[in-house]
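Asks:
Number of protein chains: 2
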Amino acid sequence: MSIGTSGGLRMGGGQESRQDEDNTATVCGILRQRFGDRFTTGESVRSQHCHTTTLISPQLPDGVVFPHSVEEVADVVLTCSKFRVPVIPFGTGTSLEGQVNAPLGGISVNLLRMNQVLRVNEEDLDCIVQPGITRKALNESIRDTGLFFAIDPGADASLGGMASTRASGTNAVRYGTMRDNVIAVQAVMPNGEIIRTAQRARKTSAGYDLTRLLIGAEGTLGIITELTLRLHGIPESIASASCSFSNIFNACAAVIDTIQFGIPVARIELLDELTVKAVNSHSGLTLPESPLLLLEFHGTEASVSEQSAACGEIMRDHDGSEFQWTVKPEERSKLWQARHDAYWASFELRRGAKGIATDVCVPISRLADCVSAAQEKAKSMGLIAPIVGHAGDGNFHMLPLIDPDDPEEVAAVCSFVEWLAEHAVDMDGTCTGEHGIGQGKMKYLERELGAAVGWMTAVKNAIDPLDIMNPGKIIPPA
Amino acid sequence: MSIGTSGGLRMGGGQESRQDEDNTATVCGILRQRFGDRFTTGESVRSQHCHTTTLISPQLPDGVVFPHSVEEVADVVLTCSKFRVPVIPFGTGTSLEGQVNAPLGGISVNLLRMNQVLRVNEEDLDCIVQPGITRKALNESIRDTGLFFAIDPGADASLGGMASTRASGTNAVRYGTMRDNVIAVQAVMPNGEIIRTAQRARKTSAGYDLTRLLIGAEGTLGIITELTLRLHGIPESIASASCSFSNIFNACAAVIDTIQFGIPVARIELLDELTVKAVNSHSGLTLPESPLLLLEFHGTEASVSEQSAACGEIMRDHDGSEFQWTVKPEERSKLWQARHDAYWASFELRRGAKGIATDVCVPISRLADCVSAAQEKAKSMGLIAPIVGHAGDGNFHMLPLIDPDDPEEVAAVCSFVEWLAEHAVDMDGTCTGEHGIGQGKMKYLERELGAAVGWMTAVKNAIDPLDIMNPGKIIPPA
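Keeping their order, the protein sequence lines are chains A and B.
Under this note's numbering, the first residue of the first sequence carries the number 1, and numbering increases by one thereafter.
Under this note's numbering, the first residue of the second sequence carries the number 1001, and numbering increases by one thereafter.
This is the structure in structure tokens:
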């Protein structure tokens, strides 16, 4: 059983609302002619281009094209525009809210073959990349420069996709999100026009911020075909530390003090007792099964040592366990293994279950309340739902583990996800800190932002009047 | 003599293009009724609401209103919208590109009476303020919390105005610009609707980034009536340092290394030889009359000491003079006096002259080339034009000193400003790093951003179809 996405259909419900079949056939014919075996309508490839890791039903595109250049992307968009056929940009397909689904059919544009680093400007700490490169490939490619790209959302996602969903992850607390780390983009707009949103200067006050408008737009306003990214120097020294707490309130109070004292912590991650239990079982560890903070410090040797010492003091003030820190790479890796394994380890709590990933973000003063209420709520609904959080940002993920074939469990998890989104919004937070709206969170957008959604719709209608760019995402149906 | 602004008139040229006089009279009547002595059509007040510090001709609004609340702002906008009369938001009037001018007449909305700090959330390091509070008043008001608002554009500008022009200033290199330090805004949109662009969470991926769309929009899309701002802890220790260089290339190379080595410098300011000469004369100092870097470090005592030492080494590597640093407040003040006095000191270079402030921003690898070419160009045109720069961002200001009554000098400065903007754009930079487009830089926008400007226009037309929100700014005439 899976959740329907009727809320995602702007042009009515079900298959009836798909665009004219003749038009689709025409577009497929043109693309086949133009791209040869780089265009396909084969079902297996199409079904790989709409997979979702959640309960949202897969909705196949009509065809998949693999462009090699921005001109080819522009050709595809222009052709689709002419025949009013939807265009859905695709990177690694790791988005979590149905962003790559094709509720109205159309053409999926797989950008993974546009995966080059076009230029690295070492003196300016920036680089220009194509959208299909993944963050690991990028960092591998620029390692010799002594620079790195800081955003790490967990998955080895493509940079175009990361920009489109305004991704962030574990070290956003220090380095910001994609919003802060993209200087400019090149994009193909709905009429096939190629634009560049900004030059390469670090800052500008020249006109509307189209860069930030396209970041987080999930491909609904245009397709990002090139990104100018901020880079950072690889830190001279990296230290890691861990600390257990008797309860979530003490752990969060320690996080607040760390941020308030201005300690430039690079990562400060929260694992709840359930996640720690899962990790122990998965990796044969013996961590105390209580809330755990994992920290990472970047800087000079003296600076990370000072940061660690200051943090250790804060942790003690909040009844944290003995604060262990290390700069040794092998010990650091071991410490972070727990965090990196958390997703897969969670399935130890219920083997064979499906995990329904969801995230919210609240002001950090409300984090402990929100996490604790969510734990109680999940428990009261009979859900096993481990938590990991980017605590410094007030952002956390829950992974309810359910049997997708049990309608009652599916209903329970849907109800829980809804409760969590609304609860976060009631706490002055957001229904999604880093996964985006896609199809899955569309119904919470108006509750969160009220009348502002009408102005988002005005922007969407102005830029994409034919509604061909990833339709059925973000903007609720009219 | 002053520069015409015909380029700023979207509806044709000159007085003929002002809106219907009957409509204006009607709106003035309604506002007089509604606001009593908080609305005026007196010429002296009106002329205070269009002053520009440059050569752009003052263009008076038809009336000035002083609202006390967002509801009153919404009333004004709704009334103006009904009669298609322009609305021009006004803060401290310190913008530099004609942003507060009224080329088509209309109502200036003075927001300085909406100047309250509504809430400080110490645990979340944020606060909510009204748009009319100035940055100094804000920092005065929150001092007891141990927190401060980091953006310092020089002028004691209002926060609403700073957001609207995407201001930054001396410590953007460490703390970012207004773009990075505004979490959410409340705004009155062109139809009088009041919206809030985001909740208070530190990050979100919920829909289009309307916050960033309004920041830097110069009031052309709506009026900002409330801001949720990021705050930072007042640093435990602050150190300052200065260093002279024999030429601009060495100074800029030292800046690049400082940034590349990841030293989290809070300010790194460049004064060229002309500015140093002016400052010496103004303040009776004896600084070497060669390019000077002024630096500030924020952190713990150990950290600022380490940063200063590392920086000192870099400066020496680039043939800098002996690197003097201090943590003593009185010595720090003295050191920064030179920088703070630079604007007024510049007039020592030509007493009685008018200074025409302009700014550009380039990738820092191009800063030395750009500054040096600008110095030569100014000299070749017979212009005295001192330079101060936010060197860590590649952003610098020039202040050509001219006789505004000499048509040849006016023509020369216009030609120089144009040359500088185009030269910066050719270096992959922007025609304005922090002053905005307003009326003065409108003609360079398309050269800088090409087809992207058409999409800005689409956004403007969608949100403000009647073109009543600060018309004649940013978007070039149709």
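For glycine and all other residues, C-beta sits at the position ideal for the given N, C-alpha and C.
Please look up how many angstroms separate the CB atoms of Tyr208/A and Met1456/B, rounded, as I've assumed it's under 8 Å.
Replies: Between Met1456/B and Tyr208/A the Cβ distance is about 5 Å, and since that is below 8 Å, they are a contact.
Asks: If you draw a straight line from the C-alpha of Asp257/A to the C-alpha of Glu1123/B, how long is it?
Replies: The straight-line gap from Cα to Cα measures roughly 8 Å.
Asks: Quick check: the segment 1035 to 1047 of chain B against the segment 1057 to 1076 of chain B, are there 3 or more CB pairs under 8 Å?
Replies: Contact between the segment 1035 to 1047 of chain B and the segment 1057 to 1076 of chain B is present, because at least three Cβ pairs lie under 8 Å.
Asks: Terminal residues of the continuous beta strand (DSSP E) containing Gln324/A?
Replies: First-last of the beta strand (DSSP E) with Gln324/A: Gln324 to Thr326.
Asks: Cβ of His1423/B within 8 Å of Cβ of Asp1359/B?
Replies: Contact: no.
Asks: Would Asn470/A count as contacting chain B if we go by Cβ distances under 8 Å?
Replies: It does not: the Cβ of Asn470/A has no partner Cβ on chain B nearer than 8 Å.
Asks: Residues in the same chain with beta-carbon distance under 6 Å from Val175/A, minus the five sequence neighbours each way, listed in chain order, please.
Replies: Here residue 175/A turns out to be Tyr, not Val, going by the sequence shown. Contacts found: Ala150.
Asks: Any contact of the segment 1083 to 1099 of chain B with the segment 1047 to 1057 of chain B, i.e. 3+ C-beta pairs under 8 Å?
Replies: Touching, yes.
Asks: Between Met456/A and chain B, is the shortest Cβ-Cβ distance under 8 Å, so that the two count as touching?
Replies: It does; some Cβ of chain B falls within 8 Å.
Asks: Alpha carbon to alpha carbon, how far is Arg1179/B from Arg179/A?
Replies: Straight-line Cα distance between these residues: approximately 10 Å.
Asks: Under 8 Å, with one C-beta from each stretch per pair, do the segment 347 to 357 of chain A and the segment 307 to 322 of chain A reach the 3-pair mark?
Replies: Output reads no: the segment 307 to 322 of chain A does not touch the segment 347 to 357 of chain A.
Asks: Quick check on Lys1136/B: buried or exposed, where buried means 16 or more other Cβ atoms within 10 Å of its Cβ?
Replies: Lys1136/B comes out exposed.
Asks: Could you tell me the alpha carbon to alpha carbon distance between Glu446/A and Ala411/A, rounded to whole angstroms?
Replies: Using only the alpha carbons, I get a separation of about 22 Å.
Asks: Please compile the residues from chain A whose C-beta is within a distance smaller than 8 Å of the C-beta of Cys1311/B.
Replies: By Cβ distance, chain A contributes nothing, its closest Cβ being about 13 Å from Cys1311/B, past 8 Å.
Asks: Return the first residue and the last residue of the beta strand (DSSP E) that Thr223/A is part of.
Replies: This sequence places Ile at residue 223/A; Thr is not what is there. It spans Ile223 to Arg230 - the beta strand (DSSP E) in which Ile223/A sits, taken as one unbroken run.
Asks: Cutting at 7 Å between CB atoms, please list the residues of its own chain near Val1085/B, excluding the five before and the five after it.
Replies: Excluding positions up to five away in sequence, the list reads Gln1019, Asn1023, Thr1024, Val1027, Gly1106, Ile1107 and Ile1468.
Asks: Strictly below 8 Å CB to CB, what residues from chain B border Val453/A?
Replies: Simply Gly1207.
Asks: Looking at the strands, I want to know which residues DSSP matches up with Asp1359/B.
Replies: His1397/B.
Asks: Quick one: grab the DSSP three-state call for Val1447/B.
Replies: With the sequence shown as reference, residue 1447/B is identified as Arg, and Val is not the correct amino acid for it. Helix.
Asks: Spell out whether any CB of chain A is found under 8 Å from the CB atom of Glu1448/B.
Replies: So yes, Glu1448/B belongs to the interface.
Asks: So the beta strand (DSSP E) His1390/B belongs to, where does it begin and stop?
Replies: His1390/B -> beta strand (DSSP E) spans Ile1387 to His1390.
Asks: Who are the neighbours of Thr964/B on chain A, taking C-beta pairs under 7 Å?
Replies: The structure shown does not extend to residue 964/B, since chain B is modelled only from 1001 through 1478, so no value can be given for it.
Asks: If contact means a Cβ-Cβ distance below 9 Å, which residues of the segment 1367 to 1400 of chain B contact chain A?
Replies: Listed by position, the residues of the segment 1367 to 1400 of chain B near chain A (Cβ gap below 9 Å) are His1390, Gly1392, Asp1393, Gly1394 and Asn1395.
Asks: Indicate whether Leu367/A and Ala391/A have their beta-carbon atoms separated by less than 8 Å.
Replies: Cβ distance < 8 Å, so Leu367/A and Ala391/A count as in contact.
Asks: Pick helix, strand or coil for Asp467/A, following the three-state DSSP scheme.
Replies: Looking at Asp467/A - three-state DSSP - the assignment turns out to be coil, as it is neither helix nor strand.
Asks: If you measure between the beta carbons of Ile1387/B and Thr1275/B, is that distance less than 8 Å?
Replies: Yes; because the gap between Cβ atoms is below 8 Å, this pair is in contact.
Asks: Do you know whose CA, among Glu1322/B, Glu1301/B, Ala1187/B and Gly1219/B, lies nearest Leu1293/B's CA?
Replies: Measuring from the Cα of Leu1293/B, the nearest candidate turns out to be Glu1322/B.
Asks: Does the beta carbon of Ala25/A sit closer than 8 Å to a beta carbon anywhere in chain B?
Replies: It does not: the Cβ of Ala25/A has no partner Cβ on chain B nearer than 8 Å.
Asks: Mind pulling the alpha helix (DSSP H) runs of 4 or more residues that sit fully within the segment 1118 to 1179 of chain B?
Replies: 1135 to 1142, 1159 to 1164 and 1172 to 1175, all fully within the segment 1118 to 1179 of chain B.
Asks: Does Phe1149/B get closer than 8 Å to chain A when you measure Cβ to Cβ?
Replies: Phe1149/B does not count as touching chain A.
Asks: Can Leu401/A and Leu466/A be called in contact, C-beta distance under 8 Å?
Replies: Not closer than 8 Å, so no.
Asks: Examine chain B for any beta-carbon lying closer than 8 Å to the beta-carbon of Ala478/A, and answer yes or no.
Replies: So no, Ala478/A is outside the interface.
Asks: Less than 8 Å between the CB atoms is what I'm expecting for Gly91/A and Leu111/A, so what's the real figure, rounded?
Replies: Gly91/A to Leu111/A, Cβ: 6 Å. Contact.
Asks: Please list, in chain order, the chain A residues whose beta carbon lies closer than 8 Å to that of Ala1217/B.
Replies: Near Ala1217/B (Cβ distances below 8 Å), the residues of chain A are Tyr208.
Asks: For a cutoff of 8 Å on Cβ pairs, would you count Glu1434/B as touching chain A?
Replies: Closer than 8 Å to some Cβ of chain A, the Cβ of Glu1434/B qualifies, so yes.
Asks: Have a look at Val1459/B and Leu1449/B and give me their C-alpha separation to the nearest angstrom.
Replies: Val1459/B and Leu1449/B: Cα-Cα distance of roughly 15 Å.
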